[in-house]
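If you read the protein sequences in the order shown, they are chains A and B. In this text, residue positions in the first sequence follow our numbering: the first is 151, and each later residue adds one. In this text, residue positions in the second sequence follow our numbering: the first is 243, and each later residue adds one. Heads up, the beta-carbon is just placed ideally off N, CA and C, and yes, glycines get one too. First the structure, in the form of structure tokens, and then the observations on it.
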Amino acid sequence: KNQVEQSPQSLIILEGKNCTLQCNYTVSPFSNLRWYKQDTGRGPVSLTIMTFSENTKSNGRYTATLDADTKQSSLHITASQLSDSASYICVVTAPYSSASKIIFGSGTRLSIRP
Amino acid sequence: DGGITQSPKYLFRKEGQNVTLSCEQNLNHDAMYWYRQDPGQGLRLIYYSQIVNDFQKGDIAEGYSVSREKKESFPLTVTSAQKNPTAFYLCASSIGHLGDYSGALEQFFGPGTRLTVL
Chain A
151 KNQVEQSPQS LIILEGKNCT LQCNYTVSPF SNLRWYKQDT GRGPVSLTIM
201 TFSENTKSNG RYTATLDADT KQSSLHITAS QLSDSASYIC VVTAPYSSAS
251 KIIFGSGTRL SIRP
Chain B
243 DGGITQSPKY LFRKEGQNVT LSCEQNLNHD AMYWYRQDPG QGLRLIYYSQ
293 IVNDFQKGDI AEGYSVSREK KESFPLTVTS AQKNPTAFYL CASSIGHLGD
343 YSGALEQFFG PGTRLTVL
């Protein structure tokens, strides 16, 4: 069964600190992996999209990495700000799967404390 | 402004009622999707449409219905057959269906509708 697992479920850090969120997946083969930021009560907003051949993608203070061999991705947030408080969702697309082709992780809830 | 909109933001339903959630996009996207989000769970696909007048069931379609009469609009009806409809509903769109592309196709989400059954 294709799955996307995220860790930790929740994380609290102090403003200005860095953090790394993890995403492990069993989807194979897959075409791309995305990270979304979702503020409470809002729709997800795309942060990065990586195809299976890419290792890293940056968007400002957000850097995503991908290791297709170990089926792991991480999202690194540098110099966190209060506005980074949100849920971060990992999504894997598997176009050649007979099952659900877009698989969402359950997210990591990040809280930034002043 | 190009984008995807949903209305209403909050919706309350009495048991036994059908309600319809609106989703409109002006991005000229062919594909549209409806997802349901429950606390602690990933988004689950209800229905998707790849083109006007065509739509397919997702993973949790029971108790829901959709229509796609116009490219811009993809309304979702939550029927009385849906036993546990209280959730956050998200509509999304993309140029083509994500499941059919091997590249980095972008999927845009609306702001969501929170449905509560009284």
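{"Query": "For A273 (chain B), which option in B:L347, B:S336, B:S322, B:E348 has the closest C-alpha, if you only look at C-alpha atoms?", "Result": "B:S336"}
{"Query": "Using beta carbons (cut-off 9 Å, strictly below), is P353 (chain B) in contact with chain A?", "Result": "yes"}
{"Query": "From the DSSP output, in three-state form, read off S233 (chain A) for me.", "Result": "helix"}
{"Query": "What's the C-alpha gap between D301 (chain B) and F254 (chain B)?", "Result": "24 Å"}
{"Query": "Note down, in chain order, every chain A residue with its Cβ under 8 Å from the Cβ of L332 (chain B).", "Result": "G193, P194"}
{"Query": "Hey, is the region 178–185 of chain A in contact with the region 193–207 of chain A, meaning 3+ C-beta pairs nearer than 8 Å?", "Result": "yes"}
{"Query": "Looking at the structure shown, is R271 (chain A) part of a helix, part of a strand, or coil, going by DSSP?", "Result": "Within the shown structure, residues of chain A are numbered from 151 to 264, placing residue 271 (chain A) beyond reach of any answer."}
{"Query": "Thinking C-beta only, is R211 (chain A) closer than 9 Å to S196 (chain A)?", "Result": "no"}
{"Query": "Quick test of your reading: A214 (chain A) and L225 (chain A), contact by CB under 8 Å. State the CB separation rounded to the nearest angstrom.", "Result": "5 Å"}
{"Query": "Within the same chain, show all residues whose beta-carbon is closer than 7 Å to that of M200 (chain A), passing over the 5 residues directly before and after it, in chain order.", "Result": "N182, L183, K207, A214, L216"}
{"Query": "Which whole-angstrom value is the C-beta distance of A334 (chain B) and F351 (chain B), which I expect to be below 8 Å?", "Result": "5 Å"}
{"Query": "At a CB-CB cut-off below 7 Å, which residues of chain A make contact with E266 (chain B)?", "Result": "What E266 (chain B) touches in chain A: nothing, since even the nearest Cβ is about 14 Å away."}
{"Query": "With a 10 Å radius around its C-beta and 16 neighbouring C-beta atoms as the bar for buried, classify Y252 (chain B) as buried or exposed.", "Result": "exposed"}
{"Query": "Taking R278 (chain B) as part of the beta strand (DSSP E), name the residues at either end of that continuous run.", "Result": "273–279"}
{"Query": "Quick one: does F254 (chain B) have its CB under 9 Å from some CB of chain A?", "Result": "no"}
{"Query": "In terms of residue numbering, what span does the beta strand (DSSP E) encompassing T262 (chain B) cover?", "Result": "261–267"}
{"Query": "Quick one: what does DSSP say R255 (chain B) is sitting in, helix, strand or coil?", "Result": "strand"}
{"Query": "Using only CA atoms, which one of A:A244, A:E165, A:I227, A:K221 lies nearest to T258 (chain A)?", "Result": "A:I227"}
{"Query": "May I ask you to report which of helix, strand or coil DSSP gives Q283 (chain B)?", "Result": "coil"}
{"Query": "Taking only three categories from DSSP, how would you classify I302 (chain B)?", "Result": "coil"}
{"Query": "Which residues in chain A sit within 9 Å of E304 (chain B), going by Cβ to Cβ distance?", "Result": "In chain order: nothing, as chain A lies at least about 15 Å away."}
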